[in-house]
Each structure stands twice: as structure tokens, then as C-alpha cells.
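Okay, structure first, notes after.
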């Protein structure tokens, strides 16, 4: 799920879709409008799921997709190898999430963790 915004409305630290991948914006640089065209923006971002660097270049009035990021709390039910089973503390829904390589917090059964949901995908915080 996403909404549409113009590039001029985006800020560093916010999110946007680049190549159907939700990405966190690291840097935005803009050029001044010239004689024959509008101002351009160059956006550097990283994928929130893979960590891959992505870039986007286009006019500042171009419309882009901004993913709806939902941050939630969950309780760890079970640990199993490279994934964890959690239960959402609001909906009581249970599901498995892979443990990402950059996850530094110690996971223990019965403990609470934060996770995010974007475009039907999940990631531990």
C-alpha cells in the first residue's frame, strides 16, 4: 500500500519506492531550473529490506510512490535458526519473520520487539 507525492515534498529520512522496493532516503540534491526545463532532483536511498543502494533522478514535480510504513510491537513466541515466530500485540496475529543480518538486539522467547510492515513484507527492527 502506498500514496503518491511529488519529489519536492520528500525529505531525507523519509521513504519512497524505487523499482518497487521501499527505500529510506539518505540524500536529496536538486538543481536549479534552466532555460529549457524544470529543476531536477537526484535521490540516493537504501532498501529497507535488502540494504541495497538505489538512486532516482527526475524532475522535482514528478510524482512518485511513497510506501505506507507501519511500525508495530510484537512478542517473540519461538526462535528457530534464522527466523523468529512473533505475535502482534494488537491483532494477536502470529507469523514467521527471517532474522536480518543487521539485527543486533538479542532475541529471547517472551520478549517484546519492534517490527515494520511495508508493502506486505515484514522486517525486525
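Residue numbers (the numbering used here): 30 to 154. Using N, Cα and C, we set each Cβ at its ideal position, and we do this for glycine too. As the structure is a computational prediction, the values presented were derived from the model and not from experiment.
Its Cα nearest to that of residue 57, the residue 43 stands out among 63, 141, 43, 50.
Relative to residue 150, the option among 87, 139, 126, 134 whose CA is nearest is 126.
Taking 9 Å as the cut-off, the Cβ atoms of residue 98 and residue 70 do not count as close. Sorting 121, 93, 49 by C-alpha distance to the C-alpha of residue 79 places 49 at the top. By the beta-carbon neighbour count (other beta carbons within 10 angstroms, threshold 16), residue 83 is buried. Among the bridge pairs identified by DSSP, residue 128 is matched with none.
Contiguous beta strand (DSSP E) elements confined to the stretch 40-110 occur at 44-47, 50-59, 69-76, 82-88, 92-96, 99-109, taking only those with 3 or more residues. The shortest CA-to-CA distance from residue 90 to any of 145, 153, 62, 147 is the one to 62.
Residue pairing by DSSP places residue 151 opposite 146 in a beta bridge. For the pair residue 121 and residue 30, the Cα-to-Cα distance works out to about 21 Å. By the C-beta density criterion, residue 39 is buried, having at least 16 other C-beta atoms within 10 angstroms. The C-alpha of residue 104 lies about 17 Å from the C-alpha of residue 129.
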